[in-house]
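So the protein lines, in turn, are chains G and Z. Under the UniProt record's numbering, the letters of the first sequence match residues 1 to 261, in that order. Under the UniProt record's numbering, the letters of the second sequence match residues 1 to 432, in that order. Ideal Cβ placement from N, Cα and C applies to all residues, glycine included. Let me begin by presenting the structure, written as structure tokens, before commenting on it.
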Amino acid sequence: METTNTAVNRSQMTVSDEVAIQITNMNKWYGAFHVLRDIDMTVHRGERIVICGPSGSGKSTLIRCINRLEEHQKGQIIVDGTELSSDLKNIDKVRSEVGMVFQHFNLFPHLTILENCTLAPIWVRKVPKREAEETAMHFLEKVKIPEQAHKYPGQLSGGQQQRVAIARSLCMKPRIMLFDEPTSALDPEMIKEVLDTMIQLAEEGMTMLCVTHEMGFAQAVANRVIFMDQGQIVEQNEPYEFFNNPQSDRTKLFLSQILGH
Amino acid sequence: MSDTHAQTVPFVRDTMLPEAEPPASEMGAVKWIRENLFNGWVSAVLTVLSIAVVAFLVYELFPWFANSVWNANSLTECRQILDGATGACWAVIRVNWLQLIFGFYPPDLYWRPILAFVLLIVAVAPVLFPAAPKNLLYFSAVYPFLAVWLLWGGTIWGVLVAAMGFGVGYLALRLLGSFGTLIQTGGAVIAALVWWILLAAPIIDVLSAALPIGIEAVPSREFGGFMISIIIGVAGIALSLPLGILLALGRQSNMPLIKGVSVVFIEFIRGVPLITLLFTASLLLNYFLPPGTNFDLILRVIIMVTLFATAYMAEVIRGGLAALPRGQYEGADALGLDYWKAQRLIIMPQALKISIPGIVNTFIGLFKDTTLVVFIGLLDPIGRASAIRATSDWQGIYWELFIFIGAVFWVFCFGMSRYSMYLERRLQTDHR
Chain G
1 METTNTAVNR SQMTVSDEVA IQITNMNKWY GAFHVLRDID MTVHRGERIV ICGPSGSGKS
61 TLIRCINRLE EHQKGQIIVD GTELSSDLKN IDKVRSEVGM VFQHFNLFPH LTILENCTLA
121 PIWVRKVPKR EAEETAMHFL EKVKIPEQAH KYPGQLSGGQ QQRVAIARSL CMKPRIMLFD
181 EPTSALDPEM IKEVLDTMIQ LAEEGMTMLC VTHEMGFAQA VANRVIFMDQ GQIVEQNEPY
241 EFFNNPQSDR TKLFLSQILG H
Chain Z
1 MSDTHAQTVP FVRDTMLPEA EPPASEMGAV KWIRENLFNG WVSAVLTVLS IAVVAFLVYE
61 LFPWFANSVW NANSLTECRQ ILDGATGACW AVIRVNWLQL IFGFYPPDLY WRPILAFVLL
121 IVAVAPVLFP AAPKNLLYFS AVYPFLAVWL LWGGTIWGVL VAAMGFGVGY LALRLLGSFG
181 TLIQTGGAVI AALVWWILLA APIIDVLSAA LPIGIEAVPS REFGGFMISI IIGVAGIALS
241 LPLGILLALG RQSNMPLIKG VSVVFIEFIR GVPLITLLFT ASLLLNYFLP PGTNFDLILR
301 VIIMVTLFAT AYMAEVIRGG LAALPRGQYE GADALGLDYW KAQRLIIMPQ ALKISIPGIV
361 NTFIGLFKDT TLVVFIGLLD PIGRASAIRA TSDWQGIYWE LFIFIGAVFW VFCFGMSRYS
421 MYLERRLQTD HR
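See the structure below:
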């Protein structure tokens, strides 16, 4: 609970009626292991959703299904009006609209920070190189590390790398951002700089799905918290109610464990 | 007791210590000698023994080199000049060096392989060194055809029509664009093969009859010496890397057919000695090819050497691919890069970098293995050396010839090894 109770400007964070992601009756198995069970979920444009739950509850798998890093076996996922199926064209289309930030950053170590940020715009969006570099510098300034543009990822701290990873996703001008435990691999003093970046993004109205254990972030930014356990959505509510008045026993147990000390 | 405790535990530093030099015995040559040569009595004894061995070898070998004879026309003449003393007879190299390099290539046409070799350096420069102008890459693409024409000569239409095969393949690739990748690629390959196997020969005949432009033809049996090693080695190296990449990707493919073909190919070729493949190339291929086809022996050897190196290359690159964290694939996927772009921009640059030592190892092995072609009757340097030793002038000589051949091979292989180290340093960006 030590993080980010900074004043967050919620005025910009409006949620529209437009549906960004529609998940209906989705199921996923790893071999015979039933990881996700009957997931139903609607995400509206501008929503900030925090997904939490014990490890192995399927929360990472869920958001990895949304850009098809994982395949679902049953049910339907519609992202921005495009249904995810085995059609490669649809998958690439969804992936270029959906930004993803990973726990371990997954920056490309053989490319400079700037090249990391311009690669996808140049090769996927066919943006001219100069324009891509301008956009990249714009977003690197936004995450407050323009001076590192010509270094390699290995020369940066974890927090800086994660901010680069966020900038890299933003360069594709995504309409939805997925965060898969973005601060779990970071030292405590670096968590704040990444969360600040994410808060800034939320204030600008980005549709965000975050798998995270940063409950301070959830309370400050999210307009919905989803609690998952054993591959199912157990409880969801707006953050105040979720933290102060949890309904299910599992949620109560989980919250007491992570907020207990 | 509690008093002392109270005095020792609280501590505040008021001045920071400046950096200091290490003690003199921990720096420079003294430290190096002590740590590396005389670090304990075992190490001291071994150092002294090693120095003794080196001194003995120099003492024994020095006269042999010092008394070298360079001007003589036969071994007997050498021995007369030496007059009983030990000494090397390098005259054998001096007399025969052109043959060792060019084989029986017509002497008045030596300029052609020499020019091809010089142009080879120009052609590989943009591939090897980032400082070279990138426009040279166009020349690199043309070079293989130019080199073949310079070396074998004949009508220029031969190489031009062969080059057009790639154009035909590319055309098919564009025309079949709407049919999906598999049909597209297959169609392009088939179109190019049809061109080369069925159409090329008559077209060449027609064109060379209409416009006879050409230089004197040199048949493959006149090739020999280091020239043949370099031709086979360079062709094998240039072809086995891209084919090895494709095969490594094939082995990792999700498609059972492609994966199966790749695995069977790799395991078959790796499980068979190169020499059996070479005999297949020289003898058996004739049975399978339509009668009357004149399928050049050197070309057949190049194909076999390439296939052999490709299988090893694929396994080396597979190792590099396996060393990449899964996150790199996911990072590329999540940005919307398709399979080929992800491979080309993200995966291969890193996998190849990891595999550089293994790749160069395979290259060096391939280059040295070219000496095996002596067993199927091509007169590579070893073959030439045997022929020289069989003449009455030089019967009984062997050290000098083999030292010379070994030294030349060593220079090439050492060059490759140093280049790979340079490349590893240049590509090192991970700052571990």
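Examine chain G for any beta-carbon lying closer than 7 Å to the beta-carbon of residue i, and answer yes or no.
{"i": "Gln428(Z)", "result": "no"}
{"i": "Lys341(Z)", "result": "yes"}
{"i": "Tyr422(Z)", "result": "no"}
{"i": "Ala351(Z)", "result": "no"}
{"i": "Leu335(Z)", "result": "yes"}
{"i": "Asp338(Z)", "result": "yes"}
{"i": "Ile346(Z)", "result": "yes"}
{"i": "Phe11(Z)", "result": "no"}
{"i": "Thr185(Z)", "result": "no"}
Using the C-alpha atoms, what's the distance from residue j back to residue i?
{"i": "Arg48(G)", "j": "Met215(G)", "result": "13 Å"}
{"i": "Ile81(Z)", "j": "Phe62(Z)", "result": "18 Å"}
{"i": "Glu330(Z)", "j": "Cys413(Z)", "result": "38 Å"}
{"i": "Asp83(Z)", "j": "Gly103(Z)", "result": "33 Å"}
{"i": "residue 264(G)", "j": "Leu182(Z)", "result": "What the structure shows of chain G is the stretch from 1 to 261, and residue 264(G) is not part of that stretch, so it cannot be assessed."}
{"i": "Thr3(G)", "j": "Cys117(G)", "result": "Model confidence at Thr3(G) stands at a pLDDT of 44, short of 50, so the residue's coordinates are unreliable; what they give is reported in the following sentence. Cα-Cα distance, rounded: 28 Å."}
{"i": "Phe363(Z)", "j": "Tyr422(Z)", "result": "16 Å"}
{"i": "Thr14(G)", "j": "Glu241(G)", "result": "19 Å"}
{"i": "Ile191(G)", "j": "Val164(G)", "result": "14 Å"}
{"i": "Asp369(Z)", "j": "Ala163(Z)", "result": "29 Å"}
{"i": "Ala132(G)", "j": "Phe288(Z)", "result": "55 Å"}
{"i": "Ala200(Z)", "j": "Ala192(Z)", "result": "10 Å"}
{"i": "Asp249(G)", "j": "Val234(G)", "result": "10 Å"}
{"i": "Ala407(Z)", "j": "Leu345(Z)", "result": "39 Å"}
{"i": "Gly167(Z)", "j": "Leu150(Z)", "result": "22 Å"}
{"i": "Leu49(Z)", "j": "Gly28(Z)", "result": "25 Å"}
{"i": "Ala334(Z)", "j": "Leu98(Z)", "result": "59 Å"}
{"i": "Met206(G)", "j": "Ile113(G)", "result": "23 Å"}
{"i": "Gly153(Z)", "j": "Pro106(Z)", "result": "12 Å"}
{"i": "Met1(G)", "j": "Gly99(G)", "result": "For Met1(G), the predicted model reports a pLDDT of 40, less than 50, meaning its position is unreliable and no value from the coordinates is stated."}
{"i": "Asn5(G)", "j": "Thr212(G)", "result": "Confidence at Asn5(G) is low in this model, with a pLDDT of 47, below 50, so the placement of that residue is unreliable and no value is reported for it."}
{"i": "Phe129(Z)", "j": "Phe33(G)", "result": "51 Å"}
{"i": "Gly177(Z)", "j": "Gln343(Z)", "result": "21 Å"}
{"i": "Ala390(Z)", "j": "Thr155(Z)", "result": "37 Å"}
Between which two residues does the alpha helix (DSSP H) carrying residue i extend?
{"i": "Leu37(Z)", "result": "Leu37(Z) -> no alpha helix (DSSP H), and no H or E assigned at all."}
{"i": "Ile166(G)", "result": "Gly158 to Leu170"}
{"i": "Asn286(Z)", "result": "Leu285 to Phe288"}
{"i": "Gln76(G)", "result": "That residue, Gln76(G), is in no alpha helix (DSSP H); its beta strand (DSSP E) goes Lys74 to Val79."}
{"i": "Met16(Z)", "result": "Taken as a continuous stretch (DSSP letters only), Met16(Z) belongs to no alpha helix (DSSP H), as it is neither H nor E."}
{"i": "Leu423(Z)", "result": "Trp399 to Arg426"}
{"i": "Ile190(Z)", "result": "Thr181 to Val194"}
Kindly indicate if chain Z contains any beta-carbon less than 7 Å away from that of residue i.
{"i": "Ala69(G)", "result": "Ala is not the amino acid found at residue 69(G); the sequence shown has Leu there. Output row for Leu69(G): interface = yes."}
{"i": "Trp29(G)", "result": "no"}
{"i": "Ala20(G)", "result": "no"}
{"i": "Arg116(G)", "result": "Reading the sequence as shown, one finds Asn at residue 116(G) and not Arg. No, because no Cβ of chain Z sits closer than 7 Å to the Cβ of Asn116(G)."}
{"i": "His110(G)", "result": "yes"}
{"i": "Val124(G)", "result": "yes"}
{"i": "Ala120(G)", "result": "yes"}
{"i": "Asn106(G)", "result": "yes"}
{"i": "Met1(G)", "result": "Its pLDDT being 40, under 50, Met1(G) is placed unreliably in this model, and the coordinates cannot settle the point."}
For the beta strand (DSSP E) that residue i lies in, which residues bound it at each end?
{"i": "Ile382(Z)", "result": "No beta strand (DSSP E) contains Ile382(Z), which is instead part of the alpha helix (DSSP H) from Pro381 to Arg389."}
{"i": "Val234(G)", "result": "Gln232 to Asn237"}
{"i": "Trp29(G)", "result": "Val19 to Tyr30"}
{"i": "Gly46(G)", "result": "Where Gly46(G) is concerned, there is no enclosing beta strand (DSSP E), given that its DSSP letter is neither H nor E."}
{"i": "Phe11(Z)", "result": "Here Phe11(Z) belongs to no beta strand (DSSP E), and DSSP marks it neither H nor E."}
{"i": "Leu210(G)", "result": "The residue asked about is misnamed: residue 210(G) is Cys in this sequence, not Leu. Run containing Cys210(G): Thr207 to Val211, per the beta strand (DSSP E) assignment."}
- Would you check if the stretch 224-243 of chain G and the stretch 190-205 of chain G touch, i.e. whether three or more CB-CB distances between them fall below 8 Å? no
- Please determine if the stretch 82-94 of chain G and the stretch 102-109 of chain G are in contact, where contact requires at least 3 C-beta pairs separated by less than 8 Å. no
- Query: Residues in the stretch 308-330 of chain Z with C-beta within 7 Å of chain G's C-beta atoms, listed in sequence order?
  - Reply: Gly327, Gln328 and Glu330
- Taking a Cβ distance cut-off of 7 Å, strictly less, list which residues of the stretch 76-104 of chain G are near chain Z, in chain order. Asp92, Arg95, Ser96, Met100, Phe102 and His104
- Query: For the 8 Å Cβ check, are there 3 or more pairs between the stretch 246-261 of chain Z and the stretch 311-327 of chain Z?
  - Reply: yes
- Below 7 Å between beta carbons is the criterion; list the residues of the stretch 142-154 of chain G that meet it against any residue of chain Z, in chain order. Tyr152 and Gly154
- Scan the stretch 171-187 of chain G for residues whose Cβ lies nearer than 8 Å to a Cβ of chain Z and list them as they occur along the chain. Met172
- Task: Decide if the stretch 346-357 of chain Z is in contact with the stretch 202-210 of chain Z; the criterion is three or more beta carbon pairs, one per stretch, under 8 Å apart.
- Result: no
- Message: Can you confirm whether the stretch 320-334 of chain Z touches the stretch 270-283 of chain Z when touching is taken to mean that 3 or more C-beta pairs between the two stretches lie within less than 8 Å?
- Response: no
- Message: Does the stretch 233-240 of chain Z come into contact with the stretch 297-307 of chain Z, if we say contact requires no fewer than three beta-carbon pairs (one atom in each stretch) closer than 8 Å?
- Response: yes
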